[in-house]
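Peer 1: Chains as they are written, first to last, in our numbering: chain V, 746 to 1024; chain W, 585 to 848.
Here it is, the structure, as structure tokens.
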Amino acid sequence: MVDVANEVQKQVREKRPFTVMTVLKNRWFLYAVSVAAFFLIWDRVAIARVFSSGLPRPYEVVLQLWSMMFDPLAGKSLLGHVWASTQRILIGFAIASLVAVPLGLMMALNRYVNAIVKPLFDLLKPMPPIAWISIAILWFGIGETSKVFIIVIGTFVPCLLNAYNGVRLVEPELYDVIRMLGGNRRNEIIDVCFPAAFPAIFAGLQISLSIAWTCVLAAELVSARSGLGFIIILGMNLSRPAMIVGGMVIIALVAWGMTLLVTGLEKLVCPWKREIEGL
Amino acid sequence: MAYEYVQVKTPLVLRLLPVLSIVLFFGAWQLVVDWGIVPSTMLASPIQVFQLFLVKWTEVNPDGGLLSQHIWTSVQEAFIGYLLSLLVGIPLGLAMGWFVVVEGLARPFFEMIRPIPPIAWIPLTIFWFGIGLEGKVFIIFLGGIVPCVINSYVGVRMTNPTLIQMARTYGATDWQIFRQICIPSALPMVFGALQIALALCWTCLVGAELLAADSGLGFLITMGRRLALPDMVLLGMIMVGLTGAVIGVIIDYFEKKLLAGIRR
């Protein structure tokens, strides 16, 4: 059998000679072309002044970032601003997940808690967190508290919803198994419910993180004296597009790094999660 | 052994608690303002908000627009942006799922744009388009396109490989397989994107209007803050939530109709 398989493989390989077309259809080659084309078109568009002076050339952005690394902007270097935003996210995210996840679990496990909290939650859910910015500023001023408040509001919803749905969608067969093995309600909750709901809870935390990122930017755009949102709004006020685009590049890099970190963490803490193929 | 029909009754307490919790919420809100625990410059009572809601249909001041005008502006922007993101995002995602060349060319571009929250584009769009309709539509478009592309792509990728192999055996061309097998099998996923994209579009809209607008619900909120009128801020927030929920219900209705046609 092995010989036959090898024979087939050999034939298949021989049928695919190394030609121009195979190179053109190679995925990595296309990726490289795409990235190169992206920067080339960006450069051309910037030189042609399609958006008048609204689009800097890529190398201007790099220069701008380089200078921001060392020259402090509003009292902070670039890394200081990154840290300012990250700090807000971490505080808001920690508060929201510490309150929302237990609340969601309780709602799913206890009908009375559910009956009290669910209607309120459904009432407040459709309001986008960004709509809360104005009232947060009225309540807490433009300091750190209002930004953390926005992040808490934004991250609360997915944390709670995922914890709630995670528990409710646990397969009933698993409960049957632990009951048959002689487990009581306590065993049901601790040994079945939590591990089975954990991937969903973690997915909720992941969604929360990206929402927190959007919220902190929006809050900083409206009013702030530090952070990445502040950099891009400052670039707008000073009419320096290189600063805006530089800020956006940093935002993309930080968000990308965070996603990588969380995905890595997920593999570490819940390896029993079923892989879903995706983008 | 015959099964007995057991009627599960919800206890009266469980049916009353939701009502009670809503009533308590609004009652506490009203009393907190009435008793002056929270200053009236920071929070308006539900009754005040409702009064303003009734007045705003006919009163233009102080923000220079009727409530219906603000709602219309917002809905219009959201609708155009949403439609554009569907029209571009879904075909792009479907093509990325099937054609290697499209995927190879579009994916790095997409992955570079994706991590930037649409809100972060606002300053740049103000530079490019000013504070008119185009800028906001662009931001809403950016917000809506991401889930459209992802869901369509995953939908095509999840096509049952047996069906594709069968079609190959019968001598179908790549294009035929794509049109007659991959697209129909991806459709449920694609329709799933409609709701996600809508929610994102609506959030982006509010963000865009907070910063760059001269009418719209987000603008109403901002004006309320600038003039220190908490009732106007709250009215804006409630209208945003309400309008978003109504649009969500409409899209949900269409989604069900479309899906009913697929699952024969």
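Glycine included, each C-beta is placed from N, C-alpha and C at the ideal position.
On the three-state DSSP scale, how would you describe residue 973/V?
Peer 2: In the structure shown, residue 973/V sits in a helix (DSSP, three-state: H, G or I).
Peer 1: Between residue 655/W and chain V, is there a C-beta pair that is closer than 8 Å?
Peer 2: no
Peer 1: Quick check: residue 961/V and residue 896/V, are their CB atoms within less than 8 Å of each other?
Peer 2: yes
Peer 1: Just the C-alpha distance for residue 604/W and residue 817/V, rounded to the nearest angstrom, thanks.
Peer 2: Looking at the two C-alpha atoms, the distance is approximately 54 Å.
Peer 1: Going along the chain, which residues of its own chain have a beta-carbon closer than 6 Å to the beta-carbon of residue 629/W, five neighbours each way excluded?
Peer 2: Answer for residue 629/W: 614 and 617, listed in chain order.
Peer 1: Would you say residue 596/W lies against chain V (beta-carbon separation less than 8 Å)?
Peer 2: no
Peer 1: I need the straight-line Cα distance from residue 881/V to residue 791/W, nearest angstrom please.
Peer 2: 14 Å
Peer 1: Pull up the distance between the alpha-carbon of residue 822/W and that of residue 883/V, whole angstroms please.
Peer 2: Those two C-alpha atoms are separated by around 16 Å.
Peer 1: Can you tell me where the alpha helix (DSSP H) holding residue 692/W begins and where it ends?
Peer 2: 684-697
Peer 1: Which whole-angstrom value describes the C-beta separation of residue 794/W and residue 658/W, a residue pair presumed to lie in contact below a C-beta threshold of 8 Å?
Peer 2: Not a contact, Cβ separation roughly 12 Å.
Peer 1: Report the neighbours of residue 860/V on chain W: residues whose CB is nearer than 7 Å to its CB, in chain order.
Peer 2: What residue 860/V touches in chain W: 598, 601 and 602.
Peer 1: Taking 8 Å as the CB-CB cut-off, is residue 611/W touching chain V?
Peer 2: Not an interface residue.
Peer 1: DSSP on residue 821/V, reduced to helix/strand/coil?
Peer 2: The answer is strand: DSSP assigns residue 821/V an E or B state.
Peer 1: Can you give me the start and stop residues for the alpha helix (DSSP H) that residue 740/W sits inside?
Peer 2: 717-741
Peer 1: Going by the beta-carbon positions, is the gap between residue 854/V and residue 937/V smaller than 8 Å?
Peer 2: Taking 8 Å as the Cβ cut-off, residue 854/V and residue 937/V do not qualify as a contacting pair.
Peer 1: Taking only beta-carbon atoms, is residue 843/W less than 8 Å away from chain V?
Peer 2: no
Peer 1: Under 8 Å between C-beta atoms, does residue 670/W make it to chain V?
Peer 2: For residue 670/W, no Cβ of chain V is located within less than 8 Å of the residue's own Cβ.
Peer 1: Less than 8 Å between the beta carbons of residue 773/V and residue 701/W, yes or no?
Peer 2: no
Peer 1: For residue 609/W and residue 886/V, what's the separation of their Cα atoms in angstroms?
Peer 2: 25 Å
Peer 1: Restricting to Cα atoms, I'd like to know which of 738/W, 827/W, 780/W and 699/W is closest to residue 679/W.
Peer 2: 738/W
Peer 1: Please report whether the beta-carbon of residue 880/V lies at a distance below 8 Å from any beta-carbon of chain W.
Peer 2: yes
Peer 1: Spatial neighbours of residue 924/V within its chain, please: CB distance less than 8 Å, with the 5 preceding and 5 following residues excluded, ordered by chain position.
Peer 2: 933
Peer 1: For the segment 664-674 of chain W and the segment 731-751 of chain W, state whether three or more C-beta atom pairs, one from each stretch, are separated by less than 8 Å.
Peer 2: yes
Peer 1: Once the 5 residues before and after residue 876/V are set aside, which same chain residues still bring their CB inside 8 Å of it?
Peer 2: There are no such residues.
Peer 1: State yes or no: is the beta carbon of residue 962/V nearer than 8 Å to at least one beta carbon in chain W?
Peer 2: yes
Peer 1: Run down chain W in chain order and give the residues with a C-beta less than 9 Å from the C-beta of residue 803/V.
Peer 2: Result: empty, since nearest Cβ-Cβ is about 12 Å, beyond 9 Å.
Peer 1: Quick one: give me the first and last residue of the alpha helix (DSSP H) that residue 1001/V is part of.
Peer 2: 986-1014
Peer 1: Compile a chain-ordered list of the residues in the segment 771-793 of chain W whose CB is closer than 7 Å to at least one CB of chain V.
Peer 2: Cβ contacts with chain V: 786, 787, 790 and 791.
Peer 1: Below 7 Å CB to CB, which residues in the same chain sit around residue 817/W once its five sequence neighbours on both sides are set aside?
Peer 2: 805, 808 and 809
Peer 1: Looking only at its own chain, which residues have a Cβ that is under 6 Å from the Cβ of residue 891/V, when we skip the five neighbours before and after it?
Peer 2: Cβ within range, chain order: 881, 882 and 885.
Peer 1: Can you list, in chain order, the residues of its chain whose CB lies under 6 Å from that of residue 668/W, leaving out five sequence neighbours each side?
Peer 2: 725
Peer 1: For residue 744/W, which residues of its own chain have a beta-carbon under 8 Å away from its beta-carbon, when the five flanking residues on both sides are left out?
Peer 2: 769
Peer 1: Tell me whether the segment 689-699 of chain W and the segment 747-765 of chain W touch, counting them as touching only if at least three CB pairs, one residue from each stretch, are closer than 8 Å.
Peer 2: no
Peer 1: At a CB-CB cut-off below 8 Å, which residues of chain W make contact with residue 822/V?
Peer 2: Neighbours of residue 822/V on chain W: none; closest Cβ ~20 Å, over 8 Å.
Peer 1: Among 612/W, 764/W, 611/W and 648/W, whose alpha-carbon lies nearest the alpha-carbon of residue 811/W?
Peer 2: 648/W
Peer 1: Exposed or buried, which one is residue 692/W when buried takes at least 16 other CB atoms within 10 Å?
Peer 2: Counting Cβ neighbours within 10 Å, residue 692/W comes out buried, since at least 16 surround it.
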